[in-house]
Each structure stands twice: as C-alpha cells, then as structure tokens.
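Residue numbers (the UniProt record's numbering): 1 to 291.
All C-beta atoms, glycine included, are put in the ideal place defined by N, C-alpha and C.
These numbers come from a predicted model, not from an experiment.
The following block contains the structure:
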C-alpha cells in the first residue's frame, strides 16, 4: 500500500475515534451530566443524541427510574420503651441531577447510605412518639406518610433525590424476648379456645336438654292419644259386641261357654274339680243349655 493510502486509512481511523468520542445517547430512563476537565458544564442533559468535545468532555449517566433500596434492620424503642427490630425499604428517584452529582459524585450506593441514615433517624423519632399498637397496625400508614414527607424535604435539598415512599416490611421483637411473647400469645389463644369450647359445651347441653324435653312431651302426647284411640276402639268394639249379642242372648251365652271350655281344657293335663250339675257344664249336657 502506498504512503497516501496509509495516510488515508489513518485519517479514517482517527475520524472514527473522534466521532465515537464526540457522540453519545441519553435514553428516556437516564439522567446525565457533562463534565469538562472535571467541571460541570451541562447539569441536566435531555434524552436523545448529543455531541461533546472529544477527550475534553466526559458524560456521566445515572438511572432516572424509580429505584428501591432495602434498609438494614435497625432497633428502635416505642414510647412504652419496648424495643423493636424494624426492616424497611424506600422508593426514590433522582430529581435534581446537579445536586445529586455534587452530593454523591454520582455514586448510587453513597446516595442510598445517606438516605438510609435519614430514614433511620426518622423512624427512630416517629417510633419514639408512638405505642406498639400504633407502629404495628393502628397508625402505620400515618406514620409512614409523616416520615416520607419529613425526609423528602431534606433529601431534595441535600441530595437532589425525591423519596416517593417508605414502607416497613416487618416489625419483630428482639430474639431474646420473642419466645416469651409468642408463648404468652399462645397461652392467650389457648385460654380463648377453652372459653369457646366451654361456651359450645354449655350451648350443646342446653340444646340437648331442650331436645329431650321435646321428645318426652311428644312421647307423652303420643301415648295419651294412643290410649284415647285404643279406649275409643275398645268402647266401639264393646258396643258392637253388645249390639250383636243382644239380638240373641242365648247364642252369646253359648259362644262364651265354648270359649271357657277352650280355655279350661287347653291341654290334656288340665284338671278341674267342679260339681257336674253346675252351670259350667250346661251346654255339654244339652246343646240348648237346658238342664
């Protein structure tokens, strides 16, 4: 290759390097600043394609989306002087790129550390003014709202970031008191369970007694009705028998004597000592019952 060709290739290579170092892109979810020899010259670069002075200017990009940072578990005391272990997290994003870069040098971990210190101080102050019930369930939303508002003002001013939300993931007692607390809770639940069982047993006995009473009443009424119906039936049967036998009294006496013979001489071993001339043998001597 000739010297002119080498020179052209060198110029092309140099131009490519200069172009590569002169153009940069900032996406929609990024925030960026431009430094010229370490000095800020563009505090908030808008999204799009931009040009810079190669080798003289440097672009620093930061994530402009909503970020989540988990806080280190910390120990706080309530107004009742009860110690709690709190696990929390924060939602934040860069609001003022210039202030953010000046305060943290663009290091995200440093921003999170400084936010964590302020969140811990805010939680400590808020927990110290509230009872255990308030921080666990009663007024947790109000507590988080106050902490977020108070910390957000300082975060915007000092760090250039906006705190969107602070949430407590878990509130626990220290390990040395957790077991006694859980044991006491279990004992309370067991006591409550015993009370419910006793109430259930009492209600069951009341229901059983009422059922037995109703059963006795039903049986008594049924027996009364059965006896009444049986008596009415017997009365009707007696009336029918009386009406039937009254038409022929002699035949009635004959049938009654046959039934008496049948009953008296049911087996061969039956023995009776009776005067042969008594009325008992009247129909044996004469079919018409005449002596």
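N- and C-terminal bounds of the beta strand (DSSP E) containing residue i
i: residue 76; result: 74–77
Where the alpha helix (DSSP H) containing residue i begins and where it ends
i: residue 80; result: From DSSP, residue 80 is part of no alpha helix (DSSP H); its letter is neither H nor E.
i: residue 123; result: 108–128
i: residue 141; result: 140–158
i: residue 101; result: 97–104
CB contact below 9 angstroms: residue i versus chain D
i: residue 166; result: Absent from the structure: chain D. Only one protein chain is present.
For residue i, the residue or residues it bridges with in DSSP
i: residue 36; result: 39 and 57
i: residue 227; result: For residue 227, which the question treats as bridged, DSSP gives no partner whatsoever.
i: residue 132; result: BP columns for residue 132 are empty, so no partner.
i: residue 62; result: 31
i: residue 87; result: 170
i: residue 23; result: 51
i: residue 93; result: 162
i: residue 45; result: 32
Simplified DSSP assignment, three categories, for residue i
i: residue 68; result: strand
i: residue 195; result: helix
i: residue 164; result: strand
i: residue 344; result: The displayed coordinates of the chain run from 1 to 291. Any statement about residue 344 would go beyond what the structure contains.
i: residue 201; result: helix
i: residue 236; result: helix
i: residue 247; result: coil
Nearest-angstrom Cβ-Cβ length linking residue i and residue j, presumed shorter than 8 angstroms
i: residue 22; j: residue 61; result: No, residue 22 and residue 61 are not in contact; Cβ-Cβ is about 16 angstroms, not under 8 angstroms.
i: residue 82; j: residue 132; result: 5 angstroms
i: residue 89; j: residue 68; result: 6 angstroms
i: residue 135; j: residue 78; result: 6 angstroms
i: residue 34; j: residue 101; result: At roughly 11 angstroms, the Cβ-Cβ gap does not stay under 8 angstroms, so residue 34 and residue 101 are not in contact.
i: residue 73; j: residue 63; result: At roughly 25 angstroms, the Cβ-Cβ gap does not stay under 8 angstroms, so residue 73 and residue 63 are not in contact.
i: residue 155; j: residue 118; result: 7 angstroms
i: residue 31; j: residue 107; result: Contact flag wrong, Cβ pair sits at about 14 angstroms.
i: residue 56; j: residue 76; result: The Cβ separation is near 50 angstroms, so there is no contact.
i: residue 140; j: residue 112; result: No, residue 140 and residue 112 are not in contact; Cβ-Cβ is about 23 angstroms, not under 8 angstroms.
Open item on the list: Tell me whether the region 120–129 and the region 178–197 touch, counting them as touching only if at least three CB pairs, one residue from each stretch, are closer than 8 angstroms.
Closed with: no
Task: Three CB pairs or more closer than 8 angstroms across the region 147–164 and the region 83–102 - done: yes
TODO: Decide if the region 141–158 is in contact with the region 105–123; the criterion is three or more beta carbon pairs, one per stretch, under 8 angstroms apart.
DONE: yes
TODO: Answer yes if the region 23–32 comes into contact with the region 43–50, meaning at least three C-beta pairs across the two stretches below 8 angstroms, and no otherwise.
DONE: yes
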